[in-house]
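Engineer: Quick mapping for you: the protein sequence lines, in order, are chains X and D.
Under this note's numbering, think of the first position of the first sequence as 1297, with each following residue one higher.
Under this note's numbering, think of the first position of the second sequence as 9, with each following residue one higher.
Cβ atoms here follow ideal geometry from the backbone N, Cα and C, with glycine treated the same way.
This is the structure I have questions about; it appears just below.
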Amino acid sequence: MKQNSIVIVLALAVFLAGCASGVKTDTSSRTGAAETVYRIGAVAPLTGEGASYGQPTQRVVNKAVADLNERWKAAGKNQRLEALFEDGKCNGKDTLTAAQTLVNIKGVKVIAGGECSGGTLGMAPFTEANKILVFSSLSSSPEITKAGDYVFRNYPSDSAQVAVMAPFIIGKGHENVAILSENTDYAQALRKRYIDAFKNEGVVVVADEVNAPNAKDVRSELLKIKNAGPEALILLPQTVPMAAVYAKQVAEIGLDEQVYGNDVVVLDETVRLYGAQMVGYYGPVGVFDSEDEGFKAMAAETDCQIGFYCATAYDGVFLLGEILERCGDSDTDCMRDALYATKDWIGKYAGRVSFDSNGDIMANFEVKQVQGGKLVKAE
Amino acid sequence: MMSIASQILFNSVIAGSIYALVALGFSLIYNTCKFVNFAHGSVIAFSAYMAYFFFSVLGVDFGFSVLFALILASLLGWAMNFFVYREFRERKASSSILLIASFGLLILIESLVLMSFGADVKTINYIRVSKGLEIFGAIITPLQIVIVASSIVVSIGLFLFMKKTKLGKAMRAVSNNKDVAEIVGISSEKIYSWSFIIGSLIAGIAGVLIGLEQNLEPTMGTNLIIKGFTAAIIGGIGNVYGAILGALLLGLAENFGIWYLPSGYKDAIAFAILFVFLLFRPKGLFGAKKEGDKE
C-alpha cells in the first residue's frame, strides 16, 4: 500500500512538473509590454537520404532565427520569431503530412520549405487550397514555378542552371553526350531540360540512364554509358549520397570522358568527399561570395557544407522576418503581395532577391570546375 | 562484347557477394529463432559506423578498428536478443510480433546512429579510390576482390561451423525441433543468444566491407536488409546455403536485366523475382519442405 502511494505521488509529481513546463511564462507580459511571437513552420528532410540537406539547413535556420531575434532585441523590438520543424523526408507524401501537422495541429500559416522539390510539389496543392505561404530556400525544380500563387523560393530554378550549363557543354564542342540521373522529381525535371536543350542544338544523347533513387550500385549503368561511347557524361543526382556514389564509381570504372554535373555534384560536401576523384568535373554554382569571411564563419558554426544552400537558407529567414514584421504571421495575402513586391532585397550571404510573377527569383548560376579538391571558376 | 559480358558478370558477383554477406547472418538468425529479424540491417550500419568511428575519428589502427567494430556488432546483436526479443518470447509473442519489434529496433538504431553521427555522408578512407584492375577485360577494384573472397570464406566457415562444431550442431538441433533439443539438454535460449552473436558478427563483417565499398549513411541498413531478405527468400528462408545462391542469382538478374531493360527497372527486377518465388515457390530454392506443402 505504502509502495503504491509512493508511485501515485511520484506520478502526480511528474504530471504536475510536465504541466508546469508546458505553461508559457511571458515575462514581458508581466511588465506590461506583450511580446509579439511570429510562428512559422519549417519542413525539411531530417531523416533519410535527404537528411544531408535537412540537418545542416535546420542548423542554419535555427542560427538565422537566433541572429534575427538578437537583431530585433538590439533594435528594441519586443518581438521574436519561432520556427517549428517537421520531417518531410525528401518526398511528397511525408512533406504533405508534415505540412498538415504544422497547419492543422500547430496552426501556422507560413512554411519554410520543403527543401526537396518533390516535397514542395507534394504539399503545394494542400497549402494553396488553405492559402498557406510556402517559402523554399532549396527547391529548384522548374515545376515549382507553376506550383501556386503562395509558393515562393529564393533558390533559382533549374531552368537557370541548364541555361548556363547547356551552352557551356555545347561550347566545349561535344557532339554527343550521355546522361546518368536519379529517378526523382528534381533530377528528372533537370534531365528533360538538358535533353530539350541538346535537341535544339543538334547534340545527340547517346545514353540516357535513370537509376533508382538512392541506388548504391550504378556500375552496370556506367558500363552501358561507357559502351555507348559518349564524348561527355552529365551526372544528375538528387542528393549528396547519390552524387558520392556517382563520383566514386565513375573513378573506379575508369571513365575518361569529360564529366559535368548539376549543383549537387559540385556542392562543398561532395567535393570534400571525392574531390580527388572529381578533378576536372564542371558544374553550376549559384552566384554568391563563397569566400566571404562572414559566410565561412556561419557555415563553420552550423557545420553546413552545402554551399549556396546554406546561404539561401540563412537569408530566407531574414527575408521572411521582414515580411512577418509587416504582415504578422496570419495574413498570407499580405505576405504574398509583399513578396511579389520585393525588388532588390539584399541578403547577407546569397545576394540580391527579386521575385517574378511566379514567385521565382531572378538569380544566376556560374560554371565552376573541381581543381585540387576545390571549386574554381571555369574557363 | 566479351569485356562487357565479363564486366556484367563481375558486377553481378560483387553485388551478389554483398547481398550474400547480408543474407548469411540474417538467414542464420531466422534458421534458429524462426522469425524475420529486420533489425539485422541496423547491425550492419552500426558496425560500419563503429569502424568509421574508431579508424577515422579516433585514429585507431585499422585492424583494431575492424576488430572493435566486429565485437560491438556481436554485442549489439546479443543485446537486441537479450533485452528485446527474449522479453517478447517470455510473453509468448508470435513471430509476427517479433517481426514488428525488429522493425522498431531497425528504426530506433538508425535514428540513434543519425543522432550520434549526423546525416552527412561518411567515408572510411582506408583505401584510396582509383581505377580498378583489369581482369578478363573487366574492371574490378582490390576491395571488391576482398568482398567476393570474404563472402566465400564466411560461407565456407559458416558451413564448417554448422557441420563440425558442437555449437553448430546444437543450433541445427534447435532449428529442427526446439522441444526435442531441450529434452536432450540444449538450452534454446542460449542457442538463440549464440545465433544472434554469430549472425551479428557476420553482419559486422558485412558492415565493415560495405562501409569501405559504399558510403556510410544512417539508412544504409534498411536498403541492404531489403536485398538480403529478397536473397534469403529466393534461396529458401532459413537455409544459409540457399541464401548464398539466392544472393548470387539476385545480383545476376539485376545486372544482366538492366543491360536489356532501362536501369530504373533494377529494383523492379529484384522485387519481380521475389514475387515469383513467394507465389510459386515460397520455400525458395533450398527451403525446407513443410507439412502440407504441395508438390
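For the 8 Å Cβ check, are there 3 or more pairs between the region 12-22 of chain D and the region 1507-1519 of chain X?
Structural biologist: Flag = yes, the region 12-22 of chain D and the region 1507-1519 of chain X touch.
Engineer: When you compare each of D/60, D/191, D/161 to residue 77 of chain D by their alpha carbons, which one comes out closest?
Structural biologist: The residue with the shortest Cα to Cα distance from residue 77 of chain D is D/60.
Engineer: Express the C-alpha separation of residue 1574 of chain X and residue 1556 of chain X in angstroms, rounding to a whole number.
Structural biologist: Computed Cα separation, rounded: 10 Å.
Engineer: Tell whether a beta-carbon distance below 8 Å holds between residue 29 of chain D and residue 214 of chain D.
Structural biologist: In contact: residue 29 of chain D and residue 214 of chain D (Cβ atoms closer than 8 Å).
Engineer: If residue 166 of chain D and residue 244 of chain D are in contact, beta carbons under 8 Å, what's the gap, nearest whole angstrom?
Structural biologist: Their Cβ separation, rounded to whole angstroms, is 15 Å, which puts residue 166 of chain D and residue 244 of chain D out of contact at 8 Å.
Engineer: Helix or strand or just coil, what does DSSP make of residue 226 of chain D?
Structural biologist: Coil at residue 226 of chain D, not helix or strand.
Engineer: Please identify the residue among X/1408, X/1529, X/1660 whose C-alpha is closest to the C-alpha of residue 1457 of chain X.
Structural biologist: If we check each option's Cα against that of residue 1457 of chain X, X/1660 comes out closest.
Engineer: From residue 271 of chain D to residue 1501 of chain X, what distance separates their C-alpha atoms?
Structural biologist: Rounded to whole angstroms, residue 271 of chain D to residue 1501 of chain X spans 16 Å at the Cα level.
Engineer: Is the Cβ of residue 270 of chain D closer than 8 Å to any Cβ of chain X?
Structural biologist: For residue 270 of chain D, the answer is yes, since a Cβ of chain X falls inside 8 Å of its Cβ.
Engineer: Excluding the five sequence neighbours on either side, which residues of its own chain have a C-beta within less than 6 Å of the C-beta of residue 22 of chain D, listed in chain order?
Structural biologist: Excluding positions up to five away in sequence, the list reads 152.
Engineer: What does DSSP give as the partner residue(s) for residue 1507 of chain X in the beta ladder?
Structural biologist: According to DSSP, which records beta bridges pairwise, residue 1507 of chain X is partnered with X/1478.
Engineer: For residue 1386 of chain X and residue 1330 of chain X, what's the separation of their Cα atoms in angstroms?
Structural biologist: Taking the straight line joining both Cα atoms gives about 38 Å.
Engineer: Pull up the distance between the alpha-carbon of residue 133 of chain D and that of residue 220 of chain D, whole angstroms please.
Structural biologist: Roughly 8 Å between the two C-alpha positions.
Engineer: Between the C-alpha atoms of residue 198 of chain D and residue 45 of chain D, what's the straight-line distance to the nearest angstrom?
Structural biologist: Distance between the alpha carbons of residue 198 of chain D and residue 45 of chain D is about 18 Å.
Engineer: So does the region 1335-1352 of chain X actually touch the region 1372-1387 of chain X, counting three or more Cβ pairs closer than 8 Å?
Structural biologist: Result yes; three or more Cβ-Cβ pairs closer than 8 Å.
Engineer: So, for residue 1641 of chain X: in the same chain, excluding its five sequence neighbours on each side, which residues have a beta-carbon less than 8 Å away from its beta-carbon?
Structural biologist: Taken in chain order, the residues that qualify are 1615, 1618, 1648, 1649, 1650.
Engineer: Using DSSP's beta-bridge definition, name the partner residues of residue 1338 of chain X.
Structural biologist: Answer is X/1381, X/1408, bridged to residue 1338 of chain X.
Engineer: What is the rounded straight-line gap between the Cα of residue 1324 of chain X and the Cα of residue 1613 of chain X?
Structural biologist: For residue 1324 of chain X, the predicted model reports a pLDDT of 38, less than 50, meaning its position is unreliable; a value from the coordinates is still stated below. About 24 Å.
Engineer: Against chain D, does residue 1519 of chain X count as a neighbour if the rule is that its beta carbon must be under 8 Å from one of theirs?
Structural biologist: Chain D contact via Cβ: present.
Engineer: Looking only at its chain, what residues have a beta carbon closer than 7 Å to the beta carbon of residue 1693 of chain X, apart from the 5 residues adjacent to it on each side?
Structural biologist: There is no way to answer for residue 1693 of chain X, as the model of chain X reaches only from 1297 to 1675.
Engineer: Report the rounded CA-to-CA distance for residue 1347 of chain X versus residue 1450 of chain X, giving the unit in angstroms.
Structural biologist: For residue 1347 of chain X and residue 1450 of chain X, the distance between alpha carbons rounds to 20 Å.
Engineer: Given a threshold of 16 other Cβ atoms within 10 Å of its Cβ, counted over all protein chains shown, does residue 242 of chain D qualify as buried or as exposed?
Structural biologist: Counting Cβ neighbours within 10 Å, residue 242 of chain D comes out buried, since at least 16 surround it.
Engineer: Put residue 142 of chain D into one of helix, strand or coil per three-state DSSP.
Structural biologist: Three-state DSSP puts residue 142 of chain D in a strand.
Engineer: Would you report the Cα separation of residue 164 of chain D and residue 1490 of chain X, rounded to the nearest angstrom?
Structural biologist: Spanning the two alpha carbons is a distance of roughly 50 Å.
Engineer: Can residue 1481 of chain X and residue 1437 of chain X be called in contact, C-beta distance under 8 Å?
Structural biologist: A contact, by the Cβ cut-off of 8 Å.
Engineer: My assumption, with CB atoms under 8 Å, is that residue 278 of chain D sits in contact with residue 258 of chain D. Please give the rounded CB distance.
Structural biologist: Sure, about 6 Å apart at Cβ, within 8 Å.
Engineer: Any Cβ of chain X within less than 8 Å of the Cβ of residue 225 of chain D?
Structural biologist: Yes, contact with chain X.
Engineer: Flag residue 1537 of chain X as yes if its beta-carbon sits less than 8 Å from any beta-carbon of chain D, otherwise no.
Structural biologist: Residue 1537 of chain X counts as touching chain D.
Engineer: Pull out every residue of the region 1478-1510 of chain X whose Cβ sits closer than 7 Å to any Cβ of chain D, in chain order.
Structural biologist: For the region 1478-1510 of chain X, which is checked against every Cβ of chain D, the residues closer than 7 Å are 1479, 1505, 1506, 1507, 1508, 1510.
Engineer: Buried or exposed, going by whether 16 or more other CB atoms sit within 10 Å of the CB of residue 229 of chain D?
Structural biologist: So residue 229 of chain D ends up on the buried side.
Engineer: Got a sec: which bits of the region 1543-1571 of chain X sit with their beta carbon under 8 Å from any beta carbon on chain D, in order along the chain?
Structural biologist: Cβ contacts with chain D: 1544, 1547, 1548, 1549, 1550, 1565, 1569, 1570.
Engineer: How about residue 1541 of chain X: is its C-beta nearer than 8 Å to some C-beta of chain D?
Structural biologist: Cβ-Cβ to chain D under 8 Å: yes for residue 1541 of chain X.
Engineer: Excluding the five sequence neighbours on either side, which residues of its own chain have a C-beta within less than 7 Å of the C-beta of residue 1 of chain D, listed in chain order?
Structural biologist: The requested residue 1 of chain D does not occur in the structure, where chain D is confined to residues 9 to 303.
Engineer: Relative to chain X, which residues along the region 146-162 of chain D have a C-beta separation below 8 Å, given in chain order?
Structural biologist: Listed in sequence order: 147, 149.
Engineer: DSSP on residue 1661 of chain X, reduced to helix/strand/coil?
Structural biologist: In the structure shown, residue 1661 of chain X sits in a strand (DSSP, three-state: E or B).
Engineer: Using the C-alpha atoms, what's the distance from residue 48 of chain D back to residue 249 of chain D?
Structural biologist: Rounded to whole angstroms, residue 249 of chain D to residue 48 of chain D spans 18 Å at the Cα level.
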